[in-house]
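**Student:** Residue numbers (my numbering), protein chains in the order written: chain X, 1 to 452; chain C, 1001 to 1516; chain F, 2001 to 2119. For every residue, glycine included, the Cβ atom is placed at its ideal position computed from N, Cα and C. On a predicted model such as this, the values are computed, not experimentally measured, just so you know.
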Amino acid sequence: MNNPGPTLSDFGHDPLWITIIKAVAIFVFLMLGVLFGVWTERKLISRMQHRYGPNRAGKFGLLQSVADGLKMGLKEDIMPRTVDKVIYLLAPVIIAVPAFLAFSVVPFGPMVWMFGHRTPLQLTDLPVAVLLVLATASIGVYGIVLAGWGSRSPYAVLGGLRSAAQVVSYEIAMGLSFVAVFLNAGTLSTSEIVAKQAGGGTWDILGLHIPTPSWYVFSLIPSFLIYAVCMLGETNRVPFDLPEGEGELVGGFHTEYSSSLKFAMFMLAEYVNVFTVSAMAITLFFGGWRAPWPISLWDGANTGWWPLLWFFAKLVIAFGFFVWVRASLPRVRYDQLMAFGWKVLIPLNLVWILLAATFKALRLPETDRMGIMAFGAVVIIVAFVVWLRFDTVNQRRREARAAQVEEEFEQLREEPAAGGFPVPALDLPHYHGAVPAARVPTDAKEVTSGSN
Amino acid sequence: MNGTIEAPTIEYALLAPMLVVFGAAIVGVLVEAFAPRYLRSAIHLPLTLLSLAGAFALAVWQALKGVPTKPAAMGAVAVDGPALFIWGTILVLAFVSVLLIKDEEHFVGSAAALPGSAEEEQSLVERAAHTEVYPLLLFAVGGMLLFPAANDLLVAFVALEVMSLPLYLLCGLARRRRLLSQEAAVKYFLLGAFSSAFFLYGTALLYGYAGSVDLAKINLALGSVGGQDTLLYIGAAMLGVGLLFKIGAAPFQAWKPDVYQGSPTPITALMASGTLVAAFGALLRVFWVGLGGLDWDWRPVFYGVAILTMVVGAILAITQTDIKRMLAYSSIAHGGFLLVGVIATGSAAQNTAALSGLLFYLVAYGFTTVGAFAVVTMVRDAGGEAWHLSRWAGLGKRSPLLAGTFAFFLLAFAGIPLTSGFFGKYAVFQAAVSGGALPLVIVGVVASAVAAFFYVRVIVLMFFSDPAADGPSVVLPSRGTAAVVGIAALATVVLGVFPQPLLDLAHSAAQSLFVR
Amino acid sequence: MELYVPILVLAVLAAGFAVFSVGIAPFTGPKRWNRAKLDAYECGIEPTPQPVGGGRFPLKYMITAMLFIVFDIEIIFLYPWAVAFDRLGVFGLVEMVLFIVTVLVAYAYVWRRRGLDWD
């Protein structure tokens, strides 16, 4: 097949100056990415909402983010009197640095010649590379918590706690959704995971050799779907942008970082995190820098500097997905968010991991297939029985809860002042409640809300 | 890939007693999750008792079938003569403690409610109950089974945690005197976590020294690895700290009175018996098997610790005015007496004598202490159990049977002949004398005499002083509590009058010593 | 070790940038002192006094944190297992099923005791 790309043994041979060049390149790429990412997002979302979006600064408003950045730098730097100064100043740094670090293990391309050196288009790779990404994500949570904690204001503290709880919850589902990939790739090294997606096997059925697609997104679609949800939760993006739910928490954990470059750090970290999770999605599920199918028929597609283009295109599409979601979905409620993460994503994930492992075990050479199937059947039946009981109980509890709410509602309908709250009657005309017929003027015309 | 990884062989039959207990604990959690509230207690109690009895039967069956000469589960767990004997002891003591727990008056309805708050009131009205007590207890017992059988330091650490964590929780569940109970739980947790950290750090250092966490391999390395003595000594000392803490040996005894006092009394009984047995088993295994070649170095330390423990336990007990604290200090002093036996090593025959003496002592002391705490649960006044010694004045006149039984237990603690405590002390001290630790035995005898003073003082108080007008009432014992007191008294008498069968059993269990 | 040097280089770069930005912020902007501006923002009302060190927060978050640790450790067990699955074979599968079932027992308990509910 075509060039499988670098493996772990190709790393660690760069001279220091090549390393520095690569690191600076990644840094610049991310900074520019954020500047133009913000512009892209605003432009795209405006178009989706039948607006023009920024179009004053530069051609097509391209320089809008640059102008915003400059403006932030020139704003007054407000530090509220009550904050815990050390933590308050440290938090933006703690949140920004790990965001960049995750990109050091993202594979951008295969081996290339760079100033007379043969080197992979990737800063470095580790035997535990994906773990590094998860670790940096976890350290980022410290930034959020400390920002809220150090601000010492109720909104910030609550926002920080909420955000931390949300991020760690979705981190679990995210971490679990990687397991199936490792199961199939047999490694945690990002470059090798990309290499494993170089070519699919063939599926022999009825004497036909049907080539199976090589990207894990096809073979491990449940993992990817879970990951796609988790990456929204993990980066605090719509529809999971509870931490900064303006309606309830003002700015969430960065309420007190009102302007200036400190706020810019949070903004930067958020967008870099979006790029990171997108890059991980591409690396783990979409073949990394490998060209998509029609292009991959061309022999040179996966050699030289071309893959950089494919990677970039995939990144833009992934980012577009984020924007699309933002334009389409409303924000979820916090209890729904946590319930979804803990009660849906995690059990689904575990079940899927075991299924994937069972399929994998069935394909291993020299295994007792009947034994595995019998074992699997037993596990599934037992799990199903337990689930039935569990679900019945939960259902019963939900019904009890609904009945209680209903009863409370009935009680309030009977006597609106029950519980001691002075409330207006439920049948006031502007509540669109049932208006006693006697009080409706004969020539009245109902004016529905929302009409002019 | 570089070849398949061999699946480890695990002797499930050997580990069956432990697996039964852990399995029942997990089933207990499922019961908590799925059974309706009114059924839980009714399911838990038979489940817990049956699993403990079943595990005991399996341990006996194993012992009858012949004791294996090799560690099980790839060298991680050693199911040998002493381990089986200790398992049997722990299982019986746990069974007895469960009978005591059955009386749910001891446990709080809603542990998370602030003491004195409206939520607590409500939990009382709703008759809420933490039936989690049973699975927690089973997990703790499972840890106690694994701890003395762990043949490798990491397994020992896991066992230590599995044993301790449920106990930390159980300590905080007393129904009365909530604040004291919570304080006990937090103290036990903090100090216990600290000592676990010592144990873990010691494990790491010994691993650095020997390149293995396996006890036998560490012992092997004692002769061959040179030049890293610092690692070895600090590591061994830290392991010692972790283990001595669980025993409650001085100078790591500070937690014991507070925790014993604050915990629900049935849990105190379990800790005073089961945990002590398990911790001594583990101490013996680690120091005899893992650091056996180092005994010239640790012996003087244990010498000092044993003397200090006996003296601190016996003298501080005199000053106590609270019955549970007094029993706690008595437990510390008994830990000191047991430590005397740990030092009495030497030839194989000498080791066997010391080990069998210790095993006998643990059984005798375990039963007596469970019985004593069972009596404590029955003496109550308006605020719950009456702990202050002055409240016990004249108890002998109001309920002679109970006071008599308690007096008998106290005499057994003191080691008066015709009680089990006498033969326990005799066996251990005799082994120590023949092991050349005569000064230690003299200290032990003096400490016993001091201890006898405060035991007798309580007896005098109960029988020869006038009862207070508003003195505590002795509640009619539930069947479980009555059974516990009966069993404990019977064991104390039988082992005191007719100790030979158990001595023989302990001897034959100790015959093969610990497997390596 | 060489594998980690590049990460360090990038970390120095990023940390330098972040510290520079946070450090220079007070000097680039104007300074107009205003008492109300330096209060913590609470939509215009007088700021609630916050106890030093943060004070109490809902226990719910701590339960979430503890559950997170439990499941994070589960993940840490799953990763090496997944990587070495080919070599572990059926034995690995059975062991992992048992492990996950055991964790799920605790999970079911937490679920039923409303440890996963927010209200």
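Check residue 1074 of chain C in the structure and name its three-state DSSP category.
**Tutor:** The residue you call residue 1074 of chain C lines up with position 74 of the second sequence. DSSP places residue 1074 of chain C in coil when its eight states are reduced to three.
**Student:** Which residues in the same chain as residue 1139 of chain C place their Cβ atom closer than 7 Å to its Cβ, once the five residues preceding and following it in sequence are excluded?
**Tutor:** As a first step, residue 1139 of chain C must be located in the second sequence, where it is residue number 139. For residue 1139 of chain C, where only same-chain residues beyond five positions count, the Cβ hits under 7 Å are 1025, 1162, 1166.
**Student:** Where are the alpha helix (DSSP H) runs, 4 residues long or more, that stay fully inside the segment 293-360 of chain X, in chain order?
**Tutor:** Runs found: 293-296, 306-328, 334-339.
**Student:** Is the distance from the Cβ of residue 471 of chain X to the Cβ of residue 224 of chain X below 7 Å?
**Tutor:** Not covered by the structure: residue 471 of chain X. The range shown for chain X is 1 to 452.
**Student:** Just by C-beta distance, which residues in the segment 2101-2114 of chain F are closer than 7 Å to chain C?
**Tutor:** Taking 7 Å as the Cβ-Cβ cut-off against chain C, the residues of the segment 2101-2114 of chain F that qualify are 2102, 2105, 2106, 2108, 2109, 2112.
**Student:** So, does the CB of residue 2055 of chain F fall closer than 7 Å to a CB anywhere in chain C?
**Tutor:** For the purposes of this step, residue 2055 of chain F is identified with residue 55 of the third sequence, where counting begins at 1. It does not; no Cβ of chain C falls within 7 Å.
**Student:** Suppose you measure from the CA of residue 334 of chain X to the CA of residue 165 of chain X; what does that come to, to the nearest Å?
**Tutor:** The residue labelled residue 334 of chain X in the question sits at position 334 within the first sequence. The residue labelled residue 165 of chain X in the question sits at position 165 within the first sequence. Answer to the nearest angstrom: the Cα atoms are 11 Å apart.
**Student:** I believe residue 219 of chain X touches residue 171 of chain X by the beta-carbon criterion, under 8 Å. Please report the beta-carbon distance rounded to the nearest angstrom.
**Tutor:** Counting from one through the first sequence, the residue named residue 219 of chain X turns up at place 219. Counting from one through the first sequence, the residue named residue 171 of chain X turns up at place 171. So it is not a contact: roughly 24 Å between Cβ atoms.
**Student:** Answer yes or no: the CB of residue 91 of chain X versus the heavy atoms of the ligand ATP, is any distance below 6 Å?
**Tutor:** Inclusion of the ligand ATP in the displayed structure is not the case, the ligand content being empty and no account of it being possible.
**Student:** Which residues in chain X sit within 7 Å of residue 1056 of chain C, going by Cβ to Cβ distance?
**Tutor:** Indexing the second sequence from 1 puts residue 1056 of chain C at position 56. By Cβ distance, chain X contributes nothing, its closest Cβ being about 29 Å from residue 1056 of chain C, past 7 Å.
**Student:** Can you tell me whether residue 1117 of chain C is buried or exposed, with buried defined as 16 or more other CB within 10 angstroms of its CB?
**Tutor:** On the second sequence, residue 1117 of chain C is found 117 positions in, with the first residue counted as 1. Counting Cβ neighbours within 10 Å, residue 1117 of chain C comes out exposed, since fewer than 16 surround it.
**Student:** Under the DSSP definition of a beta bridge, which residues are partnered with residue 119 of chain X?
**Tutor:** Position 119 of the first sequence, counted from the first residue, corresponds to residue 119 of chain X. In the DSSP output, where bridge partners are listed per residue, residue 119 of chain X has X:112.
**Student:** Could you list which residues in chain F have their beta carbon closer than 7 Å to that of residue 342 of chain X, in chain order?
**Tutor:** The residue you call residue 342 of chain X lines up with position 342 of the first sequence. The answer, in chain order, is 2116.
**Student:** I'd like the ranges of any alpha helix (DSSP H) spanning at least 4 consecutive residues and lying wholly in the segment 148-185 of chain X.
**Tutor:** Fully enclosed alpha helix (DSSP H) runs of 4 or longer: 154-185.
**Student:** What whole-angstrom Cβ distance do residue 1052 of chain C and residue 1266 of chain C have, given they're in contact under 8 Å?
**Tutor:** Working through the second sequence from its first residue, we reach residue 1052 of chain C at position 52. Working through the second sequence from its first residue, we reach residue 1266 of chain C at position 266. Wrong, their Cβ atoms sit about 14 Å apart, outside the cutoff.
**Student:** Using the beta-carbon of each residue, which ones in chain C are nearer than 7 Å to residue 1984 of chain F?
**Tutor:** Outside the shown range of chain F, which is 2001 to 2119, sits residue 1984 of chain F, and nothing can be said about it.
**Student:** Note down, in chain order, every chain F residue with its Cβ under 9 Å from the Cβ of residue 125 of chain X.
**Tutor:** For the purposes of this step, residue 125 of chain X is identified with residue 125 of the first sequence, where counting begins at 1. In chain order: 2003.
**Student:** Leaving out five residues on either side along the sequence, give the residues of the same chain with a beta carbon under 8 Å from the beta carbon of residue 346 of chain X.
**Tutor:** Taking the first sequence and counting its residues from 1, one reaches residue 346 of chain X at position 346. Cβ within range, chain order: 172, 173, 176.
**Student:** Exposed or buried, what is residue 1367 of chain C when buried is set at 16 or more other beta-carbons lying within 10 Å of its beta-carbon?
**Tutor:** In the second sequence, the residue the question calls residue 1367 of chain C occupies position 367. Buried.
**Student:** Would you be able to state if there are at least three C-beta pairs under 8 Å between the segment 1379-1398 of chain C and the segment 1480-1498 of chain C?
**Tutor:** As far as the Cβ criterion goes, the segment 1480-1498 of chain C does not touch the segment 1379-1398 of chain C, which means the pair count is below three.
**Student:** Does any residue of chain F bring its CB to less than 7 Å from the CB of residue 955 of chain C?
**Tutor:** With chain C covering 1001 to 1516 only, the question about residue 955 of chain C has no answer from this structure.
**Student:** Answer with yes or no whether the minimum CB distance from residue 2059 of chain F to chain X is below 7 Å.
**Tutor:** For the purposes of this step, residue 2059 of chain F is identified with residue 59 of the third sequence, where counting begins at 1. No, its Cβ sits nowhere closer than 7 Å to a Cβ of chain X.
**Student:** Is the beta carbon of residue 455 of chain X less than 7 Å from the beta carbon of residue 278 of chain X?
**Tutor:** Nothing can be reported for residue 455 of chain X: it is not among the residues displayed for chain X, which extend from 1 to 452.
**Student:** Who are the neighbours of residue 100 of chain X on chain F, taking C-beta pairs under 8 Å?
**Tutor:** Here residue 100 of chain X corresponds to residue number 100 of the first sequence, with the count starting at 1. Simply 2010, 2011, 2013, 2014.
**Student:** Let me see if you follow: with CB-CB separation under 7 Å, is residue 1146 of chain C close to chain F or not?
**Tutor:** Sequence index remark: in the second sequence, residue 1146 of chain C carries index 146 (1-based). Taking Cβ atoms only, chain F never reaches closer than 7 Å to residue 1146 of chain C, which makes this a no.
**Student:** Hey, is residue 1020 of chain C's beta-carbon within less than 7 Å of any beta-carbon in chain F?
**Tutor:** Along the second sequence, one-based indexing puts residue 1020 of chain C at 20. Residue 1020 of chain C does not count as touching chain F.
**Student:** Taking Cβ-Cβ distances below 9 Å as the criterion, which residues of the segment 1037-1057 of chain C are in contact with chain F?
**Tutor:** From the segment 1037-1057 of chain C, no residue has a Cβ closer than 9 Å to chain F.
**Student:** Looking at chain X, is there any beta carbon in it that lies within less than 7 Å of the beta carbon of residue 1034 of chain C?
**Tutor:** Counted from its first residue, the second sequence places residue 1034 of chain C at position 34. Yes, contact with chain X.
**Student:** Taking a contact to mean a Cβ-Cβ separation below 7 Å, would you say residue 1277 of chain C touches residue 1086 of chain C in this structure?
**Tutor:** Residue numbering aside, residue 1277 of chain C sits at position 277 when the second sequence is read from its first letter. Residue numbering aside, residue 1086 of chain C sits at position 86 when the second sequence is read from its first letter. The answer is yes: Cβ separation under 7 Å.
**Student:** Consider the Cβ of residue 2038 of chain F: report whether some Cβ of chain X lies at a distance smaller than 7 Å.
**Tutor:** As a first step, residue 2038 of chain F must be located in the third sequence, where it is residue number 38. It does; some Cβ of chain X falls within 7 Å.
**Student:** So, at 8 Å on beta carbons, what are the nonlocal neighbours of residue 23 of chain X in its own chain, with the 5 sequence-adjacent residues on each side left out?
**Tutor:** Along the first sequence, one-based indexing puts residue 23 of chain X at 23. Cβ within range, chain order: 104, 123.
**Student:** If you follow the alpha helix (DSSP H) that residue 1379 of chain C is in, where does it begin and where does it stop?
**Tutor:** The count along the second sequence starts at 1 and reaches residue 1379 of chain C at position 379. Counting along the chain, residue 1379 of chain C falls outside any alpha helix (DSSP H), though it belongs to the beta strand (DSSP E) covering 1379-1381.
**Student:** Could you please give the first and the last residue of the uninterrupted alpha helix (DSSP H) stretch that includes residue 2020 of chain F?
**Tutor:** The residue labelled residue 2020 of chain F in the question sits at position 20 within the third sequence. Residue 2020 of chain F -> alpha helix (DSSP H) spans 2005-2028.
**Student:** If distances are taken between C-alpha atoms only, which option among C:1292, C:1127, C:1399, C:1106 comes closest to residue 1383 of chain C?
**Tutor:** If you number the second sequence from 1, residue 1383 of chain C lands on position 383. Cα-wise, what sits closest to residue 1383 of chain C is C:1106.
**Student:** In chain C, which residues lie less than 8 Å from residue 2065 of chain F when you measure between Cβ atoms?
**Tutor:** One-based indexing of the third sequence puts residue 2065 of chain F at position 65. What residue 2065 of chain F touches in chain C: nothing, since even the nearest Cβ is about 16 Å away.
**Student:** What does DSSP give as the partner residues of residue 1474 of chain C in its beta bridges?
**Tutor:** Position 474 of the second sequence, counted from the first residue, corresponds to residue 1474 of chain C. Per DSSP, C:1379.
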